[in-house]
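In terms of this note's numbering, the sequence shown opens at residue 5 and continues consecutively. Every residue gets a Cβ at the ideal spot worked out from N, C-alpha and C, and that includes glycine.
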Amino acid sequence: MGVLLALAGAEVSVIAHDATLAAIKHDGLQLTKDGKAHRVHVRATDDPSQLESQDYVIVSVKTTSLEDAASHIAPLLNPDTKVITAMNGVPWWFFVGSNGVLSNKRLAAVDPHGIVEKSIPLAQTVGCVVYMVCSVDAPGKVRHNGGNKLIIGYADNSQVEGLDEIKDLLNAAGFSCHVTAAIRNDIWHKLWGNLSINPISLLTGETSDIIINDPLVYELCVHMMQEAAAIGEAINIPMDASTTEVIGRARALGAFKTSMLQDTEAGKPVELDALLTVAHDIGTILNLPTPFIDSVLGLARLRARKLGLLDRAA
Numbered sequence: 005m006g007v008l009l010a011l012a013g014a015e016v017s018v019i020a021h022d023a024t025l026a027a028i029k030h031d032g033l034q035l036t037k038d039g040k041a042h043r044v045h046v047r048a049t050d051d052p053s054q055l056e057s058q059d060y061v062i063v064s065v066k067t068t069s070l071e072d073a074a075s076h077i078a079p080l081l082n083p084d085t086k087v088i089t090a091m092n093g094v095p096w097w098f099f100v101g102s103n104g105v106l107s108n109k110r111l112a113a114v115d116p117h118g119i120v121e122k123s124i125p126l127a128q129t130v131g132c133v134v135y136m137v138c139s140v141d142a143p144g145k146v147r148h149n150g151g152n153k154l155i156i157g158y159a160d161n162s163q164v165e166g167l168d169e170i171k172d173l174l175n176a177a178g179f180s181c182h183v184t185a186a187i188r189n190d191i192w193h194k195l196w197g198n199l200s201i202n203p204i205s206l207l208t209g210e211t212s213d214i215i216i217n218d219p220l221v222y223e224l225c226v227h228m229m230q231e232a233a234a235i236g237e238a239i240n241i242p243m244d245a246s247t248t249e250v251i252g253r254a255r256a257l258g259a260f261k262t263s264m265l266q267d268t269e270a271g272k273p274v275e276l277d278a279l280l281t282v283a284h285d286i287g288t289i290l291n292l293p294t295p296f297i298d299s300v301l302g303l304a305r306l307r308a309r310k311l312g313l314l315d316r317a318a
């Protein structure tokens, strides 16, 4: 996002750490898209207090790093700052301010100590569902492999007014950004397609096409999605497509590495909590059986623990 926004004329600053920070400072932030390499030089630091408050803060860290990022975000915020959460999985605010049986239910799996909720004001939070396939070639170097769709909506579902400026900014940068008054629906719809193939790629080390084309594993994906769909119905989020259609979209992307497989290969903590643990927890609260989700979650935890990729004890 940062490269395209900078190319479109936005003043971009980046919070990064270690090798990524060093690479950005030395070589700039780099993106390869449609066979063309782009490089921009932006302000980069590992200390948010070195920057002034921002109009927009895009939080695109892994959920395993969110608590740390949130605890240092204060210098970037003023009462008018919009915090755009562009991440995988179910966010900490998913049920806060919502209606229904789980209204204001806190999700310990993604914000166990309440630090994120305390650090980022809900009224200033804009959810963002990202439909892009990207990979990291090296620190500070990102490769875009497909997709450019973004869906944004206020976390508290209060309105859509005020989002057009963000939409226009993102569209000017080359994204296809859409505004919704029901961002929770879009978050669950994306989770529906992610919660099976991602952890299975951790377990198998295979790309999505290999996973989908195995008939037995395909059926496992379908069963997991059916369980997630039942949870969605229980929290008033009907599914917008069939399992066949959603898996078909993944198949059309070809042999891509899921984000969880990329993290596994890079030796980084994997996002099991935001993708799978939350589904297990919500199902438990609602007394909905999720045996397939639970089995894959248990196996994925064991595998991640064996590889040293669990961010927290589980």
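query: Which residues in the same chain have their Cβ closer than 6 angstroms to the Cβ of residue 82, if we skip the five residues on either side of it in sequence?
result: 57
(Q) Let me check understanding here. Comparing Cα to Cα, which of 283, 146, 181, 47 lies closest to residue 35? (A) 146
Taking all protein chains shown into account, decide if residue 286 is buried (16 or more other Cβ within 10 angstroms of its Cβ) or exposed.
buried
Please report the straight-line C-alpha distance between residue 85 and residue 60, rounded to a whole angstrom. Between the alpha carbons of residue 85 and residue 60 lies a distance of about 6 angstroms.
Exercise. Which ranges does the beta strand (DSSP E) cover as unbroken runs of at least 3 residues, wholly within the region 79-110, from first to last along the chain?
Worked result: 86-90
Reduced DSSP category for residue 36 - H, G, I as helix; E, B as strand; rest coil: strand
**Q.** Outcome for residue 249 when other beta-carbon atoms lying within 10 angstroms are tallied against a minimum of 16
**A.** exposed
Note to self: For residue 213 and residue 256, what's the separation of their Cα atoms in angstroms?
What the structure shows: 9 angstroms
Quiz item: Quick one: Cα of residue 74 to Cα of residue 119, how far?
Solution: 7 angstroms
Exercise. Who are the near neighbours of residue 42 in its chain, counting only those whose CB is closer than 6 angstroms to its CB and skipping five residues on each side?
Worked result: Excluding positions up to five away in sequence, the list reads 7, 35.
Review point. Per DSSP, what kind of secondary structure is residue 164 in: helix, strand or coil?
Key: coil
Taking 8 angstroms as the limit between beta carbons, can you name the residues of its chain near residue 123, skipping five residues before and five after? 74, 75, 77, 78
Checklist entry - Where residue 105 and residue 226 are concerned, what is the direct C-alpha to C-alpha distance, given to the nearest angstrom? => result Straight-line Cα distance between these residues: approximately 26 angstroms.
Next on the checklist: Relative to the C-alpha of residue 205, which candidate in 305, 80, 291, 125 has its C-alpha closest?
Outcome noted: Out of 305, 80, 291, 125, the CA that lies nearest to the CA of residue 205 is found in 305.
What are the start and end residues of each continuous beta strand (DSSP E) run of 3 or more residues lying completely inside the region 167-212, in chain order?
-> 180-183
Rounded to whole angstroms, what is the Cα-Cα separation between residue 192 and residue 47?
34 angstroms
- request: Would you mind sorting residue 45 into buried or exposed? The rule is 16 or more other CB atoms within 10 Å of its CB.
  value: exposed
* In the DSSP assignment, what residue or residues form a beta bridge with residue 150? -> 137
Contact between the region 225-245 and the region 291-307 is defined here as three or more beta-carbon pairs at a separation below 8 angstroms; is this criterion met? yes
- Look at the alpha carbon of residue 318 and the alpha carbon of residue 126, and state the distance between them as a whole number of angstroms. With a pLDDT of 38 at residue 318, under the threshold of 50, the modelled position of this residue cannot be trusted; read the value that follows with caution. Computed Cα separation, rounded: 28 angstroms.
* Just how far apart, CA to CA, sit residue 87 and residue 158? -> 10 angstroms
Report task. Assign residue 41 to one of three DSSP states: helix, strand, or coil. Result -> strand
(message) So, for residue 303: in the same chain, excluding its five sequence neighbours on each side, which residues have a beta-carbon less than 7 angstroms away from its beta-carbon?
(response) 207
(request) Consult DSSP for residue 28 and reduce its assignment to one of helix, strand or coil. (result) helix
- Terminal residues of the beta strand (DSSP E) in which residue 62 lies: 60-63
Check whether the region 137-145 and the region 93-108 are in contact - that is, three or more C-beta pairs closer than 8 angstroms.
no
Just how far apart, CA to CA, sit residue 241 and residue 189?
-> 6 angstroms
Q: Compare the C-beta of residue 166 against all C-beta atoms of chain D and say whether one is closer than 8 angstroms.
A: Looking for chain D here will not work: only one protein chain is present.
* To do: Could you spell out the range, first to last residue, of the alpha helix (DSSP H) harbouring residue 3?
  => Beyond the ends of the chain as shown, which are 5 and 318, falls residue 3; an answer cannot be given.
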